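Protein chains in written order, with the numbering used here: chain A, 1 to 298; chain B, 1001 to 1298; chain C, 2001 to 2298.
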Amino acid sequence: MRHLLSTRDMPKETILGLLDRADQHKKTPPKPNLQGKILATCFFEPSTRTRLSFETAMKRLGGDVIGFHAADHTSSKKGESLQDTIRIMAQYADAIAIRHPLEGSAALAAEVSDKPVINCGDGSNQHPTQTLLDLYTIRESQGRLEGLQIALVGDLKHGRTVHSLLHTFNHFKPRIYLIAPPGLELPKQQLDELKAHGIMFSCHQTLDSIVPKLDIIYCTRIQHERFNDKIEHAELVKPYRITPELLEPAKPNLRILHPLPRLNEIDPAVDKLPHAYYFEQSQNGLYVRQAILNTVLT
Amino acid sequence: MRHLLSTRDMPKETILGLLDRADQHKKTPPKPNLQGKILATCFFEPSTRTRLSFETAMKRLGGDVIGFHAADHTSSKKGESLQDTIRIMAQYADAIAIRHPLEGSAALAAEVSDKPVINCGDGSNQHPTQTLLDLYTIRESQGRLEGLQIALVGDLKHGRTVHSLLHTFNHFKPRIYLIAPPGLELPKQQLDELKAHGIMFSCHQTLDSIVPKLDIIYCTRIQHERFNDKIEHAELVKPYRITPELLEPAKPNLRILHPLPRLNEIDPAVDKLPHAYYFEQSQNGLYVRQAILNTVLT
Amino acid sequence: MRHLLSTRDMPKETILGLLDRADQHKKTPPKPNLQGKILATCFFEPSTRTRLSFETAMKRLGGDVIGFHAADHTSSKKGESLQDTIRIMAQYADAIAIRHPLEGSAALAAEVSDKPVINCGDGSNQHPTQTLLDLYTIRESQGRLEGLQIALVGDLKHGRTVHSLLHTFNHFKPRIYLIAPPGLELPKQQLDELKAHGIMFSCHQTLDSIVPKLDIIYCTRIQHERFNDKIEHAELVKPYRITPELLEPAKPNLRILHPLPRLNEIDPAVDKLPHAYYFEQSQNGLYVRQAILNTVLT
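In structure tokens, the structure reads:
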């Protein structure tokens, strides 16, 4: 693997190979095998979590980090092209982690970079490291990826993490339940793809009746930036909120995932239930990113 | 010591133990005993000096740093709770240095963090690392902490560093002189506490007559943000300005402290006098923070 | 060399010595001889490229970096003087790299710093590390610095890099061609200096007729901030744009330099020609800055 741009057409063995490497990172203390290597974090759009997760992964492996984030990137403001910025960063660093608001930007960066490029989110397109950590966490919590009952809940229209994850489900054929507020349903194109790949799915307005069947609930943030007022947002979100009551009929091994940050999609009282798994998921991000850095840099 | 949240109820032996450790750090070259450790600097409110002082201390001890500061912290903007942010940072790092505008925020962070939390200022509440470096510097310059004649000058109403420092004086019983412009006097609650602890104090409008008695003058910034216009500010500040003339009758060993940054509370001509000790104080911040990091991380 | 403030009056041997050191850094893998050293990057004015280039150089040599950039420097906002900020940074770090919008600021910083100060641009005055990497790149591409035919193209009025570079030409006596849009010509003072130093030069409105004679074309950005509208800017810039057609009559060894970032001063089709040398130039910045750091820190 030279770059990590997308999990969309990633072969199943490549995915599983990365998850296995992440497993080794989780089970053994980090070795400083990236000593002397530098990762450039090029965040044209801010993201504290993804950026710090990569920085931590790099430093735990003995490497170091340079970079910029939206607030302080000035060459772009001066009108520099993405290609020129990446060309320069590729001179400084041994690998580039890029987040950029435009779809296809990571692929464009890879074209001009002679160093590995890792896509940390290119607009509404792909967020492959998030998808890999999601798959890792599903497998870890369920012991397998095949044939699971998975509910996707929340803003399925804009949620990049959901779209990115769904593409990889082609390999694992879960039974999918789509639960979204009116107006935030999964786009038709995505539904057509699920059909084309023979993935069974159904659309729902509420979670209640489905909970007993589920192995995984994957929640996403319903951004209040998308609503005119906070009250409208609160009303709309309420039926999709995960609460201890909702989870009463759940299987013991049901696990709840969320890419975080969360707003009020999950009642904090859920945090203490064995079903809550979003913090483990976040922690797994470190091991998956260590695996990715090790893969592209050694 | 698990967390460092406050010096308010810190036992005298704990304070003195930390000052002794800082002393060792000042006297011997740093050893890289925090190698492989990561400190997260979570600055919800900006503070170049405190942040860089901690970063330097960590790096001098062989550790590394990740973090964010107000300008680039996006998860909070997306509505993430402080607790969630801290939970995630505690997954990434081995210790957390937090500055946050709300009182009690550091204690809240400590509740959800399984890694040590160091309070770098929580609103107008506490700034324990500043207090410890102040005490270190007083002891270093005077050879003792007990029974000193100490003047506190400037904005005693809002000055967090002054409030934080005063609490620890319970252990050392100095004679206190409070010199503040009208409207910026020490709040009644603080005066009551001094009385309750049997600390002798008096309030003054000017410094002149007191100078000959003093061992320490502790100045604070009178923020011009608090005034309608700069001229009003300049007029108000003038009588509280430390000048070479003012210091003529001073004891040879009088030392002037200031948490910095300073505006014009201190005439630059004072910098060259033996009384000026604010830059030594700032430098001592490094050793005190090295001591704190070593204490919570090893 | 204690500080690096200016290349203006730098002796020829000092310049050549630094270029030779940079050469060694380019030819051999970096040695971690700055281990345990800390560089403070104090960027009162933002500059991603210069800042990251220094950070990379420092880290490649085993050192580490602390610092701030405009967006997050708060002590200045609180009214702290440049001198006080530098005094504190000099306590934290082993060397200081400063960029500041005011002319003379780096020299002022050096006055109060007991650690080496490296000027990374002080207003329209000096940018010595850029000048040294420009000279390094000219020498590398032409095999010599003396007696070259050099065209300076673009905004010669405001371009700090051009002014800084011209001062050093006193040592190498090139034949200079000045090509600037109306209103952006080299200031009279600079022309007088060229005359005083006996440097042959001529002013031109277009490049066409000169191209066959040239060894170096040094382009600078024509900032569109300086124009009322983008169309006016585009029209004005067009005749100064470097294109493959323009370069047809060029000598095989003509090399094009640009301090970057570029806007549309250079047709991207030029990137593939052997004449394009601006990315090599940028890469050379790393080696030159390694040489500078090694010089002031060891």
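Heads up, the beta-carbon is just placed ideally off N, CA and C, and yes, glycines get one too.
It should be emphasised that the depicted structure is a prediction, and the values quoted were computed from it without experimental measurement.
For residue i, name the three-state secondary structure that DSSP assigns.
i, result
"Ala-2090(C)", "helix"
"His-258(A)", "coil"
"Asn-2119(C)", "strand"
"Ser-202(A)", "strand"
"His-275(A)", "coil"
"Phe-1309(B)", "Shown here, chain B extends from 1001 to 1298; a query on residue 1309(B) therefore has no answer."
"Gly-183(A)", "coil"
"Asp-192(A)", "helix"
"Ile-302(A)", "Residue 302(A) is absent from the model: chain A starts at 1 and stops at 298."
"His-2127(C)", "coil"
"Phe-2043(C)", "strand"
"Ile-2210(C)", "coil"
"Ala-1151(B)", "strand"
"Gly-17(A)", "helix"
"Asp-1215(B)", "coil"
"Gly-285(A)", "helix"
"Phe-68(A)", "strand"
"Leu-2178(C)", "strand"
"Leu-2004(C)", "strand"
"Ile-1266(B)", "strand"
Let me see if you follow: with CB-CB separation under 8 Å, is residue i close to chain B or not?
i, result
"Ser-2105(C)", "no"
"Lys-230(A)", "no"
"Ser-2075(C)", "yes"
"Leu-293(A)", "no"
"Leu-18(A)", "no"
Are the beta-carbon atoms belonging to residue i and residue j less than 8 Å from one another?
i, j, result
"Gln-1190(B)", "Pro-1174(B)", "no"
"Tyr-2278(C)", "His-2258(C)", "yes"
"Thr-298(A)", "Arg-21(A)", "no"
"Ala-1291(B)", "His-1025(B)", "yes"
"Asn-194(A)", "Thr-7(A)", "The question names Asn, but residue 194(A) in the sequence shown is Leu. For Leu-194(A) and Thr-7(A), no; Cβs fall outside 8 Å."
"Leu-2184(C)", "Lys-2157(C)", "yes"
"Leu-1254(B)", "His-1275(B)", "yes"
"Phe-44(A)", "Ser-76(A)", "yes"
"Ser-1209(B)", "Gly-1121(B)", "no"
"His-2197(C)", "Thr-2161(C)", "no"
"Leu-2039(C)", "Val-2065(C)", "yes"
"Ile-2088(C)", "Ala-2109(C)", "no"
"Pro-244(A)", "Val-270(A)", "yes"
Strictly under 8 Å for the Cβ-Cβ distance: is residue i near chain C by that measure?
i, result
"Pro-1101(B)", "no"
"Arg-1049(B)", "yes"
"Pro-1116(B)", "no"
"Ile-38(A)", "yes"
"Arg-1262(B)", "yes"
"Ser-1053(B)", "yes"
"Lys-1059(B)", "yes"
"Phe-1279(B)", "yes"
"Leu-1286(B)", "yes"
Could you check whether the Cβ of residue i sits closer than 8 Å to any Cβ belonging to chain A?
i, result
"Ile-1066(B)", "yes"
"Cys-2283(C)", "Sequence inspection shows Gln at residue 2283(C); the Cys mentioned does not correspond to that position. Judged by the 8 Å Cβ criterion, Gln-2283(C) is in contact with chain A."
"Phe-2169(C)", "no"
"Thr-2056(C)", "yes"
Rounding to the nearest angstrom, what Cα-Cα distance links residue i and residue j in this structure?
i, j, result
"Leu-1178(B)", "Leu-1247(B)", "17 Å"
"Thr-220(A)", "Val-1112(B)", "23 Å"
"Ala-2095(C)", "Arg-1099(B)", "27 Å"
"Ile-266(A)", "Gly-154(A)", "11 Å"
"Thr-2041(C)", "Arg-1289(B)", "21 Å"
"His-2163(C)", "Ser-1141(B)", "50 Å"
"Asn-1170(B)", "Arg-1144(B)", "15 Å"
"Ile-950(B)", "Leu-1260(B)", "Because chain B in this structure spans residues 1001 to 1298, residue 950(B) falls outside the shown range and cannot be described."
"Ser-2124(C)", "Ser-2282(C)", "21 Å"
"Asp-2084(C)", "Asp-1229(B)", "24 Å"
"Phe-1201(B)", "Met-2010(C)", "59 Å"
"Thr-1028(B)", "Tyr-1287(B)", "10 Å"
"Leu-1236(B)", "Pro-1182(B)", "9 Å"
### Task
Inspect the CB distances between the segment 2059-2066 of chain C and the segment 1028-1044 of chain B and report whether three or more fall short of 8 Å.
no
### Message
Output needed in chain order: residues of the segment 78-102 of chain A with a Cβ under 9 Å from some Cβ in chain E.
### Response
The structure shown contains no chain E; its protein chains are A, B and C.
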